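Novice:
In the working numbering, the protein residues as written are 1 to 367.
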């Protein structure tokens, strides 16, 4: 089957999950397949970067695309073949990473929405409903400016953040204590198909091609939100708009923790208490170290024979805005105010303060 045929045939509801790996990470591909299937997800395809990964996919009947079909004329790699385990930050590692965006671009061109996921990620819950949800309190909690109109209902204002408005929804790769700062992590993101998304991703590919020695993550951030730096991070505060008008937002680190968040910032116990959708085992060097840590956390669910076994998974789906206690507190205050208003109003000193029921002058968004 051609690359286009594989991607189309494996998609479901217009969405395809894409991952890439060399033969040295074949076991990670198998583990990812087990994790996705345990969540009832079959709409995935793998990009094999070398003969080892390609043979493994054929033996286990995994839907796969040969990287050589994506790299023709790109000048990346050696005829579509890479060594089994490229060293982190090496020139070859950077070339491998840049193949990801070409695979995503191919799927976007077919009119598919795409989830790009590194294979050193453990999926604990299905995040697709989150990406297509109407309301996300976690995004509201950290913003002062909301793009969706405020909607008056029964005397108080309900703010709805429509996630469907965003074209790129990307994991943050920053430490938790750098609260306002976010560098985009190209190892896990969701992108909706469309002209502005396709052009924005092509800009990422062009920057990566023009700067072959640059980290893929740097070119990814620069292509979407500008060159990474303290001003860029502070100004866009979890979101930005690309040159071509695509809207980008960084994910809540509690629900989508990177390796530093999980192991250093909070520790596994506290991080898992938030019932994250995924855990990314980046910030760890080497396949052996990553697989060892995944096994310690019960997130390695494939045995040596390639068979799926039981492991850590959150079968329930908590509310989309679960864990956003600031939002819960705010709603409580609003409801309390409504009850007082409906009874006798509020008293300030000796003057009674009442609320207008006509919301026609409500200003959209926050100041």
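The beta carbon of each residue, even a glycine, is placed where N, CA and C say it ideally should be.
If you're wondering where the values come from, they're calculated on a predicted model, not measured in any experiment.
(1) Leaving out five residues before and five after residue 106 in sequence, what residues of the same chain have Cβ atoms less than 8 Å from its Cβ?
(2) Is the stretch 40 to 50 touching the stretch 15 to 32, taking contact as three or more C-beta pairs under 8 Å?
(3) For residue 109, does the three-state DSSP call read helix, strand or coil?
(4) How is the alpha helix (DSSP H) around residue 190 delimited, first residue to last?
(5) Whole-angstrom Cβ separation of residue 121 and residue 281, contact assumed at under 8 Å?
(6) Buried or exposed for residue 213, going by 16 or more other Cβ atoms inside 10 Å?
(7) Which residues in the same chain as residue 219 place their Cβ atom closer than 7 Å to its Cβ, once the five residues preceding and following it in sequence are excluded?
(8) Just the C-alpha distance for residue 298 and residue 310, rounded to the nearest angstrom, thanks.
(9) Going by DSSP, what residue range makes up the beta strand (DSSP E) through residue 44?
(10) What is the residue span of the alpha helix (DSSP H) that residue 22 lies within?
(11) For residue 187, count the other beta carbons within 10 Å of its own beta carbon; 16 or more makes it buried, fewer makes it exposed. Which is it?
(12) Kindly indicate which three-state DSSP category residue 239 falls into: helix, strand or coil?
(13) Taking Cβ to Cβ, would you say residue 30 is nearer than 7 Å to residue 279?
(14) Over what stretch of residues does the alpha helix (DSSP H) that includes residue 31 continue unbroken?
(15) With which residues is residue 247 paired in a DSSP beta bridge?
(16) Out of 217, 255, 225, state which residue places its alpha-carbon closest to the alpha-carbon of residue 241.
(17) First and last residue of the alpha helix (DSSP H) that includes residue 205?
(18) Tell me the DSSP secondary structure of residue 294 in three-state form.
(19) Along the chain, where does the beta strand (DSSP E) that runs through residue 123 open and close?
(20) With C-beta atoms as the reference, is residue 99 less than 7 Å away from residue 67?
(21) Give the range of the alpha helix (DSSP H) segment to which residue 64 is assigned.
(22) Assuming residue 170 contacts residue 119 (C-beta within less than 8 Å), just tell me the rounded distance between them.
(23) Run the CB neighbour count on residue 239, radius 10 Å, all protein chains shown included, and call it buried at 16 or more, exposed below.
(24) Tell me which residue opens and which closes the beta strand (DSSP E) that residue 131 is part of.
(25) Drop a sphere of 10 angstroms on the beta-carbon of residue 101, count the other beta-carbons inside from all chains shown, and report buried for 16 or more, exposed for fewer.
(26) Return helix, strand or coil for residue 217, following the three-state DSSP convention.
(27) On a CA-only basis, which of 269, 265, 305, 40 is nearest residue 127? Give me that one, please.
(28) Measuring alpha carbon to alpha carbon, tell me which of 27, 116, 172, 19 ends up nearest residue 63.
(29) Residues in its own chain within less than 7 Å of residue 35 by CB, not counting five upstream and five downstream?
(30) What beta strand (DSSP E) runs, 3 residues minimum, are completely inside the stretch 259 to 289?
(31) Cutting at 8 Å between CB atoms, please list the residues of its own chain near residue 306, excluding the five before and the five after it.
(32) Taking 7 Å as the cut-off, decide whether the C-beta atoms of residue 165 and residue 246 are in contact.
(33) Out of 198, 33, 43, which one is the CA nearest neighbour of residue 56?
(34) Taking the straight line between their C-alpha atoms, what separation do you get for residue 80 and residue 1?
(35) Identify every residue that forms a DSSP beta bridge with residue 172.
Specialist: The short version:
(1) Within the chain shown, the letter at position 106 stands for residue 106. Excluding the 5 residues flanking it on each side, residue 106 has same chain C-beta neighbours closer than 8 Å at 3, 4, 7, 70, in chain order.
(2) Yes, since at least three Cβ pairs between the stretch 40 to 50 and the stretch 15 to 32 fall closer than 8 Å, the two stretches touch.
(3) Here residue 109 refers to the residue found at position 109 of the chain shown. Taken through DSSP and simplified to helix, strand or coil, residue 109 comes out as helix.
(4) By 1-based counting over the chain shown, the position of residue 190 is 190. Unbroken run through residue 190 is the beta strand (DSSP E), 184 to 191; no alpha helix (DSSP H).
(5) The residue given as residue 121 occupies position 121 in the chain shown. The residue given as residue 281 occupies position 281 in the chain shown. That pair is a contact at about 7 Å.
(6) The count along the chain shown starts at 1 and reaches residue 213 at position 213. Taking all protein chains shown into account, residue 213 has fewer than 16 neighbouring C-beta atoms within 10 Å of its C-beta and is therefore exposed.
(7) Here the question's residue 219 lines up with position 219 in the chain shown. Annotation for residue 219: 204, 207, 208, 211 place their beta carbon closer than 7 Å to its own, counting only its chain and skipping 5 residues before and after.
(8) As a working note, residue 298 is residue 298 in the chain shown. As a working note, residue 310 is residue 310 in the chain shown. Approximately 8 Å, taken between the alpha carbons.
(9) Translated into positions along the chain shown, residue 44 becomes position 44. Element bounds for residue 44: 44 to 48.
(10) Within the chain shown, the letter at position 22 stands for residue 22. Taken as a continuous stretch (DSSP letters only), residue 22 belongs to no alpha helix (DSSP H), as it is neither H nor E.
(11) Residue mapping note: residue 187 aligns to position 187 of the chain shown, counting from 1. Buried, because 16 or more other Cβ atoms sit within 10 Å of the Cβ of residue 187.
(12) Taking the chain shown and counting its residues from 1, the one referred to as residue 239 is at position 239. Note: residue 239 maps to strand in three-state DSSP.
(13) Position 30 of the chain shown holds residue 30. Position 279 of the chain shown holds residue 279. No, the Cβ-Cβ distance between residue 30 and residue 279 is not below 7 Å.
(14) Translated into the one-based positions of the chain shown, residue 31 becomes position 31. Residue 31: member of the alpha helix (DSSP H) spanning 26 to 38, first to last residue.
(15) Mapped onto the chain shown, residue 247 falls at position 247. Partner(s): 241.
(16) Locating residue 241 in the chain shown gives position 241, counting from the first residue. Out of 217, 255, 225, 225 has the C-alpha closest to the C-alpha of residue 241.
(17) Position 205 of the chain shown, counting from 1, holds the residue named residue 205. Going by DSSP, residue 205 is part of the alpha helix (DSSP H) stretching over 195 to 210.
(18) One-based indexing of the chain shown puts residue 294 at position 294. Helix at residue 294.
(19) The residue labelled residue 123 in the question sits at position 123 within the chain shown. Element bounds for residue 123: 121 to 123.
(20) As a position in the chain shown, residue 99 is number 99, starting the count at 1. As a position in the chain shown, residue 67 is number 67, starting the count at 1. A contact, by the Cβ cut-off of 7 Å.
(21) Along the chain shown, one-based indexing puts residue 64 at 64. In this chain, residue 64 is not harboured by any alpha helix (DSSP H); it is covered by the beta strand (DSSP E) spanning 64 to 66.
(22) On the chain shown, residue 170 is found 170 positions in, with the first residue counted as 1. On the chain shown, residue 119 is found 119 positions in, with the first residue counted as 1. With a Cβ gap of about 18 Å, residue 170 and residue 119 do not count as contacting.
(23) Taking the chain shown and counting its residues from 1, the one referred to as residue 239 is at position 239. Buried.
(24) Residue mapping note: residue 131 aligns to position 131 of the chain shown, counting from 1. Per DSSP, residue 131 lies in no beta strand (DSSP E); the unbroken alpha helix (DSSP H) holding it starts and ends at 128 to 131.
(25) Residue 101 sits at position 101 when you count from the first residue of the chain shown. Flag for residue 101 reads buried.
(26) Locating residue 217 in the chain shown gives position 217, where the first residue counts as 1. DSSP places residue 217 within a helical segment (H, G or I) once states are collapsed to three.
(27) As a first step, residue 127 is located in the chain shown; it is residue number 127 there, counting from the start. That would be 40, whose Cα lies nearest to the Cα of residue 127.
(28) To locate residue 63, count along the chain shown from 1; it is residue 63. Residue 63 has its Cα closest to that of 19, out of 27, 116, 172, 19.
(29) Here residue 35 refers to the residue found at position 35 of the chain shown. In the same chain as residue 35, and ignoring 5 residues on each side of it, the C-beta atoms closer than 7 Å to its own belong to 122, 123, 301, in chain order.
(30) The stretch 259 to 289 contains these whole beta strand (DSSP E) runs: 278 to 280.
(31) Sequence index remark: in the chain shown, residue 306 carries index 306 (1-based). So the list reads 30, 60, once near-sequence residues are dropped.
(32) Within the chain shown, the letter at position 165 stands for residue 165. Within the chain shown, the letter at position 246 stands for residue 246. Note that the C-beta distance between residue 165 and residue 246 is not below 7 Å.
(33) Locating residue 56 in the chain shown gives position 56, where the first residue counts as 1. For the residues 198, 33, 43, the minimum Cα distance to residue 56 belongs to 33.
(34) Along the chain shown, one-based indexing puts residue 80 at 80. Along the chain shown, one-based indexing puts residue 1 at 1. In this prediction, residue 80 scores a pLDDT of 42, lower than 50, which makes its location untrustworthy; the coordinate-derived value is nonetheless stated afterwards. If you take the alpha carbons of residue 80 and residue 1, they lie about 18 Å apart.
(35) One-based indexing of the chain shown puts residue 172 at position 172. Beta-bridge pairing links residue 172 to 184.
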